[in-house]
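Reading through the structure tokens given below for one structure.
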Amino acid sequence: MAGKTALIVLAHQERTSFNFAMKEAAACALKRKGWKVLESDLYAMNFNAVLSRDDITALLSFTTGAPPSMTSNSGLNGDINVILWPMQNGILNFCGFQVLEPQISYAVAHIPQEARVGILKNWEKRLEAIWDEKPIKFLPIQDFEGPTGGFVLKKEVEETLSESKYAPTVGQNLGKPLPPDSQMPALESRN
Numbered sequence: 084m085a086g087k088t089a090l091i092v093l094a095h096q097e098r099t100s101f102n103f104a105m106k107e108a109a110a111c112a113l114k115r116k117g118w119k120v121l122e123s124d125l126y127a128m129n130f131n132a133v134l135s136r137d138d139i140t141a142l143l144s145f146t147t148g149a150p151p152s153m154t155s156n157s158g159l160n161g162d163i164n165v166i167l168w169p170m171q172n173g174i175l176n177f178c179g180f181q182v183l184e185p186q187i188s189y190a191v192a193h194i195p196q197e198a199r200v201g202i203l204k205n206w207e208k209r210l211e212a213i214w215d216e217k218p219i220k221f222l223p224i225q226d227f228e229g230p231t232g233g234f235v236l237k238k239e240v241e242e243t244l245s246e247s248k249y250a251p252t253v254g255q256n257l258g259k260p261l262p263p264d265s266q267m268p269a270l271e272s273r274n
């Protein structure tokens, strides 16, 4: 991947955190593939983050204190797809970013060291081919009425989507079941 540049933004105050370890793993993996890696530590900079349209691809990477079951559609914390929707669509997609599937590391404080090492290795492997990933699909803005129409789906778009078993997106559910794993990869494919 010669000629590619990555900006890794760390937003965690502890250098002993798993988030910091993920940042380090990402930097190493990308550098090994020939990427130029820029690193930004927001806490160290006392930075007030503002999104820029100069960057077109975004990826959320974070850890949880919970196992995946707690963020399922029947879990204590609720469906992770619903949790991610406002960030991935309402912020990143709305600002013009192509949004890649998130990198979620579940329950890192409650799993063995070998499992954490495995997560880091899988993260590095993913990053080696990150440029080839397809972004998450969102309904295009052209599918919605403008200001005078209240910014709702156009009737003809709703009619086209009416045959589907699932809602077109988490946000535009049209009274149908939510699309499974629309904001992230299916649980079976996660490590």
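Numbered according to my numbering, the sequence shown spans residues 84 to 274. Quick reminder that beta carbons are idealized off the backbone N, C-alpha and C, glycines included.
First through last residue of the alpha helix (DSSP H) which encompasses residue i
i, result
"residue 239", "238-244"
"residue 166", "163-170"
"residue 98", "From DSSP, residue 98 is part of no alpha helix (DSSP H); its letter is neither H nor E."
Cβ neighbours of residue i in the same chain (closer than 6 Å, five flanking residues each side left out)
i, result
"residue 106", "91 and 93"
Whole-angstrom C-beta distance between residue j and residue i, which should lie under 8 Å
i, j, result
"residue 126", "residue 96", "5 Å"
"residue 187", "residue 145", "6 Å"
"residue 147", "residue 104", "Actually they do not touch by this definition, with Cβ atoms about 15 Å apart."
"residue 255", "residue 167", "About 15 Å separates the two Cβ atoms, so there is no contact after all."
Beta-carbon proximity list for residue i, same chain, < 7 Å, skipping 5 on both sides
i, result
"residue 279", "Examination of residue 279 is not possible in this model, given that the chain is present from 84 through 274 alone."
"residue 149", "160, 189 and 190"
"residue 86", "none"
Beta carbon of residue i nearer than 8 Å to that of residue j
i, j, result
"residue 182", "residue 212", "no"
"residue 108", "residue 122", "no"
"residue 244", "residue 257", "yes"
"residue 154", "residue 119", "no"
"residue 101", "residue 209", "no"
"residue 253", "residue 156", "no"
"residue 242", "residue 112", "no"
"residue 185", "residue 143", "yes"
Bounding residues of the beta strand (DSSP E) (the contiguous stretch that carries residue i)
i, result
"residue 145", "144-146"
"residue 89", "88-93"
"residue 248", "Neither: residue 248 is in no beta strand (DSSP E) and is coded neither H nor E."
"residue 187", "186-188"
Per DSSP, cross-strand counterpart(s) of residue i
i, result
"residue 216", "Partner(s): none; residue 216 has no beta bridge."
"residue 259", "Residue 259 is not bridged to any residue."
"residue 121", "90"
"residue 227", "236"
Chain-order list of residues whose beta-carbon lies under 8 Å from that of residue i (same chain, five-residue window excluded)
i, result
"residue 226", "236, 237 and 240"
"residue 249", "259, 260, 261, 262 and 263"
"residue 218", "140, 181, 182 and 183"
"residue 247", "259"
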